[in-house]
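In the numbering used here, the protein residues as written are 241 to 467.
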């Protein structure tokens, strides 16, 4: 799967840094550095041959490549077309899939029950499964609400209370995992009382996870602290 097609989303390293970790004197002895370096070399027009590009290496070694949306696939084909000289960008063998989730697993049972109370249990199951709604055609002709449209009738207070309940479940799970982690490291029960105060379901908590490249704009919500 190709990374976000911006410079901050693709790892590129100096060739000397790569050479340091391979070859007879490197951390992985027996892997000839002269065979590794060409895999990530940007040999196409506009590339920098002195850099080792991890995405380029991945594309040269992979049997298949894809973006994570139709647009991402098109941009990636254009961006990496130099690896397939003689091919028009549209013919570059980088396909696309659309990122998503398995809704019946992803949606909390509490949310499902709240929605089903408005649209009916049978329809809620059909919508979550991604299949057609049995009476959707009749609804379109009659102008009655379709699929999940009826959930707009749920009171804001009900949604707010449910969100509060789910945040509470999340905080409980975080504390449980944190406690288990510290116990595995040898901490005693008596010294872990502080975990009971970790996080607060009534306070907005913003978490930064995994990579933190600039294009994710992690500081965007921190620009106006009073707001």
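Built from N, CA and C at the ideal position, the CB exists for glycine as well. A quick note: this is a predicted structure, and the numbers were derived from the prediction, not measured.
Is residue j closer than 8 Å to residue i when the C-beta atoms are compared?
i           : j           : result
residue 348 : residue 406 : yes
residue 291 : residue 252 : yes
residue 343 : residue 368 : yes
residue 318 : residue 402 : no
residue 313 : residue 296 : no
residue 429 : residue 316 : no
residue 293 : residue 250 : yes
Compute the Euclidean distance between the alpha carbons of residue i and residue j, then round it to the nearest angstrom.
i           : j           : result
residue 247 : residue 276 : 22 Å
residue 282 : residue 288 : 5 Å
residue 443 : residue 400 : 13 Å
residue 456 : residue 449 : 11 Å
residue 321 : residue 285 : 10 Å
residue 389 : residue 255 : 55 Å
residue 445 : residue 418 : 17 Å
residue 382 : residue 365 : In this prediction, residue 382 has a pLDDT of 46, which is less than 50 and means its spatial position is unreliable; what the coordinates show is noted afterwards. Each residue's alpha carbon lies about 22 Å from the other.
residue 423 : residue 447 : 24 Å
residue 458 : residue 392 : 31 Å
residue 436 : residue 464 : 30 Å
residue 394 : residue 323 : 53 Å
residue 265 : residue 278 : 19 Å
residue 431 : residue 438 : 14 Å
residue 262 : residue 302 : 21 Å
residue 272 : residue 453 : 31 Å
residue 421 : residue 413 : 12 Å
residue 352 : residue 346 : 10 Å
residue 363 : residue 396 : 22 Å
residue 384 : residue 467 : Low confidence applies to residue 384: its pLDDT is 45, below 50, so where it sits in the model is not reliable, and the reading given next is rough at best. When rounded, the distance between both Cα atoms is 39 Å.
residue 260 : residue 427 : 39 Å
residue 325 : residue 341 : 36 Å
residue 488 : residue 274 : Examination of residue 488 is not possible in this model, given that the chain is present from 241 through 467 alone.
residue 434 : residue 329 : 57 Å
For the putative contact between residue i and residue j, defined by C-beta atoms under 8 Å, what is the C-beta separation to the nearest angstrom?
i           : j           : result
residue 441 : residue 404 : 6 Å
residue 398 : residue 462 : With a Cβ gap of about 31 Å, residue 398 and residue 462 do not count as contacting.
Discussion item. Counting beta carbon pairs with one atom in the stretch 357–364 and one in the stretch 318–335, are three or more of them shorter than 8 Å?
Written reply: No: the two stretches stay apart, fewer than three of their Cβ pairs being nearer than 8 Å.
Item to complete: Check whether the stretch 336–347 touches the stretch 302–322, taking contact to mean three or more Cβ pairs, one atom from each stretch, closer than 8 Å.
Response: Remark: three or more beta-carbon pairs, one from each stretch, lie closer than 8 Å, so the stretch 336–347 and the stretch 302–322 are flagged as touching.
Worksheet entry | Residue ranges of each beta strand (DSSP E) within the stretch 287–334, 3 or longer | DSSP runs (the beta strand (DSSP E)) wholly in the stretch 287–334: 291–293.
Discussion item. Give the list of continuous alpha helix (DSSP H) stretches no shorter than 4 residues that lie fully inside the stretch 420–466.
Written reply: The DSSP assignment places no complete run of the alpha helix (DSSP H) inside the stretch 420–466 (cut-off: 4 residues).
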